[in-house]
Every structure is written in C-alpha cells, then in structure tokens.
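> Residue 50 in full-length UniProt numbering sits at position 50 of the sequence shown, with consecutive numbering throughout. Glycine residues also receive a C-beta, built at the ideal position from the N, C-alpha and C atoms.
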Amino acid sequence: MERQNGGAADGGDFMFSDEEVREISGLSRCGDHVAVTCGCTSHRYGDAVGRLRVFASGDLEISCECTPGCQEGRPFIALFLPNIGHLVVVATLCLLNRFRHEKLVVLDKLTPAAFEKHSGRETARKWKNNVWVIADGEKVPLSKTVLLKYYNQASNANGSNRSHNGRVCHRDEFVRCTSCHKERRFRLRTKEECRAYHDVLADGNWKCSDMPDDKVTCEDDEERASRRVYRGCSRSPTCKGCTSCVCFGCDTCRFSDCSCQTCIDFTRNAKA
1 MERQNGGAAD GGDFMFSDEE VREISGLSRC GDHVAVTCGC TSHRYGDAVG RLRVFASGDL
61 EISCECTPGC QEGRPFIALF LPNIGHLVVV ATLCLLNRFR HEKLVVLDKL TPAAFEKHSG
121 RETARKWKNN VWVIADGEKV PLSKTVLLKY YNQASNANGS NRSHNGRVCH RDEFVRCTSC
181 HKERRFRLRT KEECRAYHDV LADGNWKCSD MPDDKVTCED DEERASRRVY RGCSRSPTCK
241 GCTSCVCFGC DTCRFSDCSC QTCIDFTRNA KA
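#1: Buried or exposed for Ser244, going by 16 or more other Cβ atoms inside 10 Å?
#2: Taking the DSSP output, what are the residues bridged to Ile134?
#3: How about Thr37 and Gly46: do their beta carbons lie closer than 7 Å?
#4: What did DSSP end up calling Leu60 once you bin it into helix, strand or coil?
#5: If the criterion is Cβ atoms closer than 7 Å, does the pair Ser256 and Thr267 meet it?
#6: Using only the alpha-carbon positions, how far apart do Arg195 and Arg254 sit?
#7: For Ser28, which of helix, strand or coil comes out of DSSP?
#8: Determine the DSSP secondary structure at Arg227, reduced to helix, strand or coil.
#9: Candidates Phe16, Ile264, Gly50: which alpha carbon is nearest Asp32's?
#10: So residue 274 is in the alpha helix (DSSP H); what residue range does that whole segment cover?
#11: Measuring CA to CA, which of Ser259, Val34, Tyr150, Ser63 is closest to Cys40?
#12: In its own chain, which residues sit with a C-beta less than 8 Å from the C-beta of Leu110, not counting the 5 before and 5 after it?
#13: Beta carbon of Asn130, beta carbon of Ser143: below 7 Å?
#14: Can you look up Arg184 in the DSSP assignment and give me helix, strand or coil?
#15: Can you say whether Gly58 is buried or exposed, counting buried as having 16 or more other CB atoms within 10 angstroms of its CB?
#16: What is the DSSP secondary structure of Lys109, counted as helix, strand or coil?
#17: Is the beta carbon of Cys169 sitting closer than 7 Å to the one on Cys247?
#18: For Arg227, which option in Ser42, Glu183, Thr217, Gln261 has the closest C-alpha, if you only look at C-alpha atoms?
#19: Residue range of the alpha helix (DSSP H) that Leu201 falls in?
#20: With 16 as the cutoff for other CB atoms within 10 Å, does His198 come out buried or exposed?
#21: In chain order, what residues of the same chain have a beta carbon less than 7 Å from the beta carbon of Cys260, not counting five sequence neighbours either side?
#22: If you compare alpha carbons, which of Leu52, Ala56, Gly137, Cys30 is closest to Ile24?
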C-alpha cells in the first residue's frame, strides 16, 4: 500500500525524511521502499515515463508501460506541462489506431540502465544523469537528488561486485554432477552462495548430493535447455556473458580464508 508524500507515518518513512523529499513530485512510501514517478528523455521519441522504486538495500527498479508489438520500445510520447506540475502521457495517433484494441503491458523491474536504453535515449549509459524525477516543477537528474543515497552506499560497500545499473553482477552458473551427469544451477546472489559455488569448482568430484541445503538429488530432472539460457543478467535475460553479469573478482566472490591462487592474488592486490 502506497502513501503519498506528506501523509501519516508508514514503514517507508525511515528511508528519507520529509524534508529530503519535500520538493519531489509523485513520491509514495511503501513498506520496504519508496516509489516515485520518473522519466528519460529522447530527442527523437520524447519522454518515456516510469515508476522508480528505491529500496534500502540499494536496489533500483523501474516499471514502464508499453504497448504490445512496439518495435522501437517507445509507444508513447510524454508531455511535461510545467503549469500543471505533472506528467501527461499521450499515445500518438498512429499508435492509437494500431493498438486501440490492445491492452497495455507493464515492463516491470527494469534497471535504470535498461529503462534508459528502452526510452531510446541517444546518449545512453549515463542513467544517473539521464533518468530524472520532477522536483519543484522541474526535471531533475537522479544524480542531483537524495534518491541515490542507498544505491551509492551499497555500491561503495560492495566495491566492484555491483555493475553500473545497481545490480550485483554475478550471473547463475552451472556445474555437472559426476554421478548423474546432469547440470545443476548455482545462484550467486550472496557471499554464501558464491562460496558454495567456489568450493564446488575446486572439487573435481562434485555430486548432486553435495548441493547446499539438499536442494536437488540425482533423481531430479535436469533443467530444460530453454530454461538454462536465463541466467539472471540484468540487461538481457538470455545474455551469454557481459560486463553487467560477469565478475572477475570482488569481495563477494573472493575469500581471504581460501588457499586457492585466485583468492590469494585477489586478497594480496586488495591490500596493496
């Protein structure tokens, strides 16, 4: 349940004080996050409008409304009306004719970088400056607001294990059981999960029975190939490996108490 800025106290109040977000329009507080209307401007397509969710963990998610069949990823032209003080989204006439019988779909949980790209922004990869909110009746880049406070704190705390879009950059990996020869998925979202996978790589005789928490046995079916292509990349669901989901070493996936050469080198370089 969302509460508009300035209402009674709720669970989201701990993140930002009323003074910090007083000038920001369209802000709501929820139990575990703050939500605010945001946008990104393309010189060709106009303003793409979405709903930014800011979590205390540092995660940032944007929901964007889109029309089915849109080839450009830009079915709307959004007009900012300063004298009214809010955003009005109108469909172009041709798209109204084309999609007048279609239902709107919501592109949910986009990263800021993905939303920036989806908007058609010509100078992408600068989402902190290109994605904006409305503050005191003006478009203000996220970088000039308090909304990135938790994202910046998480980025500084985690060092290189976060990509530029705010997501932990460890994609899912697969290991083949030496007994049943089936590939098993390892999620690498936490330090504990990374350590489990790290130890498996060092074990040349890994079996399904060694899976942490007994999640799977040799009798369980292997994931379908069509499912295995989805490995958790924040930029592309079927990514085969990019700078956003492949990590070459960070505090989350390297361990000071491990005697392997990779961890020894990382620990030594981190102290240098």
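Checking against the coordinates, here is how it stands:
#1: Here residue 244 corresponds to residue number 244 of the sequence shown, with the count starting at 1. Counting Cβ neighbours within 10 Å, Ser244 comes out buried, since at least 16 surround it.
#2: Here residue 134 corresponds to residue number 134 of the sequence shown, with the count starting at 1. For Ile134, DSSP records a beta bridge to Lys139.
#3: In the sequence shown, the residue the question calls residue 37 occupies position 37. In the sequence shown, the residue the question calls residue 46 occupies position 46. No, the pair does not count as a contact, with Cβ atoms beyond the cut-off.
#4: Numbered from 1 along the sequence shown, position 60 holds the residue referred to as residue 60. Of the three classes helix, strand and coil, the one that applies to Leu60 here is strand, per DSSP.
#5: Stepping through the sequence shown from its first residue, residue 256 is reached at position 256. Stepping through the sequence shown from its first residue, residue 267 is reached at position 267. Pairing Ser256 with Thr267 gives a Cβ-Cβ distance under 7 Å.
#6: Working through the sequence shown from its first residue, we reach residue 195 at position 195. Working through the sequence shown from its first residue, we reach residue 254 at position 254. Just so you know, the alpha carbons of Arg195 and Arg254 end up roughly 8 Å apart.
#7: Here residue 28 is taken as the residue at index 28 of the sequence shown, counted from 1. Note: Ser28 maps to strand in three-state DSSP.
#8: Taking the sequence shown and counting its residues from 1, one reaches residue 227 at position 227. Residue state, collapsed to three classes: helix.
#9: The residue you call residue 32 lines up with position 32 of the sequence shown. Nearest option by C-alpha distance: Phe16.
#10: The shown model of the chain, from 1 to 272, leaves out residue 274, and the question about it has no answer.
#11: Mapped onto the sequence shown, residue 40 falls at position 40. Among Ser259, Val34, Tyr150, Ser63, the Cα nearest to that of Cys40 is on Ser63.
#12: For the purposes of this step, residue 110 is taken as residue 110 along the sequence shown, with counting starting at 1. So the list reads Gly50, Glu61, Ile62, Ser63, Cys64, His118, once near-sequence residues are dropped.
#13: Looking up residue 130 in the sequence shown gives position 130. Looking up residue 143 in the sequence shown gives position 143. Note that the C-beta distance between Asn130 and Ser143 is not below 7 Å.
#14: Taking the first residue of the sequence shown as position 1, residue 184 is located at position 184. DSSP places Arg184 in the strand class (E or B) of the three-state scheme.
#15: Numbered from 1 along the sequence shown, position 58 holds the residue referred to as residue 58. Per the 10 Å Cβ criterion, buried.
#16: Along the sequence shown, read from residue 1 onward, the residue named residue 109 stands at position 109. The answer is strand: DSSP assigns Lys109 an E or B state.
#17: As a first step, residue 169 must be located in the sequence shown, where it is residue number 169. As a first step, residue 247 must be located in the sequence shown, where it is residue number 247. Contact flag set, yes.
#18: Position 227 of the sequence shown, counting from 1, holds the residue named residue 227. Measuring from the Cα of Arg227, the nearest candidate turns out to be Glu183.
#19: Residue 201 sits at position 201 when you count from the first residue of the sequence shown. Run containing Leu201: 191-202, per the alpha helix (DSSP H) assignment.
#20: Within the sequence shown, numbered from 1, the residue matching residue 198 stands at position 198. Classification for His198: buried.
#21: As a first step, residue 260 is located in the sequence shown; it is residue number 260 there, counting from the start. For Cys260, where only same-chain residues beyond five positions count, the Cβ hits under 7 Å are Ala202.
#22: Within the sequence shown, the letter at position 24 stands for residue 24. The option with the nearest alpha carbon to Ile24 is Gly137.
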